[in-house]
């Protein structure tokens, strides 16, 4: 996923738009194996502010993930805002070297930068829906599909003393 910023880099106050689509292979995220259902769609505008290039846009795709409650696969839509600062390496100040994306050429490979933003936008655990009931801890049945007859009355022995306590309210 390469873009050529030669024109915008040389003209102060100029803006160039890019609309990119690329099929991306899946990747491991913690213990989850994520796959892309749709190609990665990136729409960005590069603004030359005179001191740096301000990049703004959106990243859209759909991932197949596994629910952390019921262990079923589901489609996770991803639509994130992308904002970044790019600066020519030789023009960067000490602060910018730590925070901005530094480039040396007019043709920039942005795939890794986009994937970094995707990973930062992902939840720690994927949940198929807020209403997901998950798996029964006793028999293992998916509670979204079947109702089990298990009793959830098992009490943690560390909390047994609290079960004897009664409120007088």
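Residue numbers (the numbering used here): 1114 to 1282. Note that CB positions come from ideal geometry on N, CA and C, so glycine has one too. Because the structure is a prediction, the values reported are computed rather than measured.
My understanding is that residue i touches residue j, with C-beta atoms under 8 Å, so please give their C-beta distance in whole angstroms.
i: residue 1118; j: residue 1200; result: At roughly 11 Å, the Cβ-Cβ gap does not stay under 8 Å, so residue 1118 and residue 1200 are not in contact.
i: residue 1147; j: residue 1177; result: 7 Å
i: residue 1252; j: residue 1180; result: Actually they are not in contact, since the Cβ atoms of residue 1252 and residue 1180 sit about 18 Å apart, beyond 8 Å.
i: residue 1142; j: residue 1235; result: 6 Å
Using CA coordinates, which residue listed in the options is at the minimum distance from residue i?
i: residue 1250; options: 1183, 1203 and 1197; result: 1183
i: residue 1193; options: 1205, 1123 and 1175; result: 1175
i: residue 1225; options: 1145, 1236, 1122 and 1137; result: 1137
i: residue 1168; options: 1130, 1135 and 1188; result: 1130
i: residue 1189; options: 1121, 1162 and 1231; result: 1231
i: residue 1191; options: 1197, 1172, 1207 and 1206; result: 1172
i: residue 1120; options: 1223, 1166, 1263 and 1243; result: 1166
i: residue 1218; options: 1150, 1203, 1162 and 1236; result: 1203
i: residue 1161; options: 1149, 1246, 1197 and 1239; result: 1197
Kindly indicate the opening and closing residues of the beta strand (DSSP E) around residue i.
i: residue 1132; result: 1128 to 1135
Are the beta-carbon atoms of residue i and residue j separated by less than 8 Å?
i: residue 1333; j: residue 1133; result: Lying outside 1114 to 1282, the shown extent of the chain, residue 1333 is not represented and no answer is given.
i: residue 1185; j: residue 1255; result: yes
Taking the alpha helix (DSSP H) that residue i belongs to, which residues open and close that run?
i: residue 1144; result: Here residue 1144 belongs to no alpha helix (DSSP H), and DSSP marks it neither H nor E.
i: residue 1217; result: Looking at the DSSP string, residue 1217 is not in any alpha helix (DSSP H), and its letter there is neither H nor E.
i: residue 1274; result: 1273 to 1276
Practice item. Jot down the residue ranges of each uninterrupted alpha helix (DSSP H) in the stretch 1228 to 1258, minimum 4 residues, whole runs only, in chain order. Key: Taken in chain order, the stretch 1228 to 1258 contains no complete alpha helix (DSSP H) segment of 4 residues or longer.
Practice item. Entirely within the stretch 1147 to 1214 and at least 3 residues each: give me those beta strand (DSSP E) ranges in chain order. Key: Under the rule that a run must span 3 or more residues, the beta strand (DSSP E) segments found entirely inside the stretch 1147 to 1214 read 1153 to 1161, 1166 to 1179 and 1186 to 1201.
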